[in-house]
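Residue numbers (our numbering): -2 to 164.
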């Protein structure tokens, strides 16, 4: 994506790679990687509404939606960032006791990544290091291909998170 207006000149690029590896008739390994990079061009500032976000279902489960990365010093709200890296691995198996029902599956997963931005003024070295750490989570979930469409329910626990006293 290339922004070329007189006030908002920027470059924004995203890449996603997904692969499903059948381990047997019953077991599947799903891998996902998402990368993002953005920057302002020609001395203009990067538009904040084009920032990358991560956290929650579809990225790093176990964290609130769009909660990872730099935070506002006053409101503690997520600001997003100009760089993003997310990696997911998911092992899927038939749901125990479901018999031959292929629409109901149990899965375990591990997610890792974060959103990154340039260092803002006023951050201590410890805060900067904590902000740029990789976040990770692991959990279990159920997926069901229902008559209304696919449904997924997941329970995740953060394994690596930013300590509140580091921010």
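No residue lacks a Cβ here, since even glycine has one placed at the ideal position from N, Cα and C.
Segment limits, beta strand (DSSP E) that includes residue i
i           : result
residue 108 : 101 to 113
residue 140 : 132 to 143
residue 50  : Per DSSP, residue 50 belongs to no beta strand (DSSP E) and is neither H nor E.
residue 31  : 25 to 37
residue 72  : First-last for residue 72: undefined, no H or E at that position.
residue 151 : 146 to 157
residue 0   : -1 to 1
CA-to-CA distance, residue j to residue i, given in whole angstroms
i           : j           : result
residue 103 : residue 40  : 50 Å
residue -1  : residue 49  : 15 Å
residue 168 : residue 22  : What the structure shows of the chain is the stretch from -2 to 164, and residue 168 is not part of that stretch, so it cannot be assessed.
residue 146 : residue 18  : 23 Å
residue 45  : residue 76  : 8 Å
residue 70  : residue 114 : 14 Å
residue 15  : residue 35  : 22 Å
residue 112 : residue 95  : 39 Å
residue 68  : residue 26  : 34 Å
residue 130 : residue 24  : 32 Å
residue 158 : residue 133 : 7 Å
residue 88  : residue 57  : 16 Å
residue 78  : residue 110 : 13 Å
residue 66  : residue 83  : 12 Å
Sequence-distant residues of the same chain with beta carbon closer than 6 Å to residue i, five excluded per side
i           : result
residue 148 : 141
residue 161 : Bear in mind that the predicted position of residue 161 carries a pLDDT of just 49, short of 50, making it unreliable; the figure below should be weighed with that in mind. Excluding residues within five positions, none has a Cβ falling inside 6 Å.
residue 101 : 92, 95, 141
DSSP-derived helix/strand/coil call for residue i
i          : result
residue 81 : strand
residue 15 : strand
residue 92 : coil
Same chain, Cβ closer than 8 Å to residue i, neighbours up to 5 away in sequence not counted
i          : result
residue 53 : 60, 61, 62, 63, 64
residue 98 : 91, 92
residue 80 : 33, 34, 35, 49, 112, 113, 114
residue 6  : 0, 37, 38, 39, 41
Close Cβ partners of residue i (< 7 Å) along its chain, the five nearest in sequence each way excluded
i           : result
residue 150 : 138, 139
residue 135 : 106, 107, 153, 154, 156
Does the stretch 26 to 33 come close enough to the stretch 4 to 11 that 3 or more CB-CB pairs lie under 8 Å?
yes
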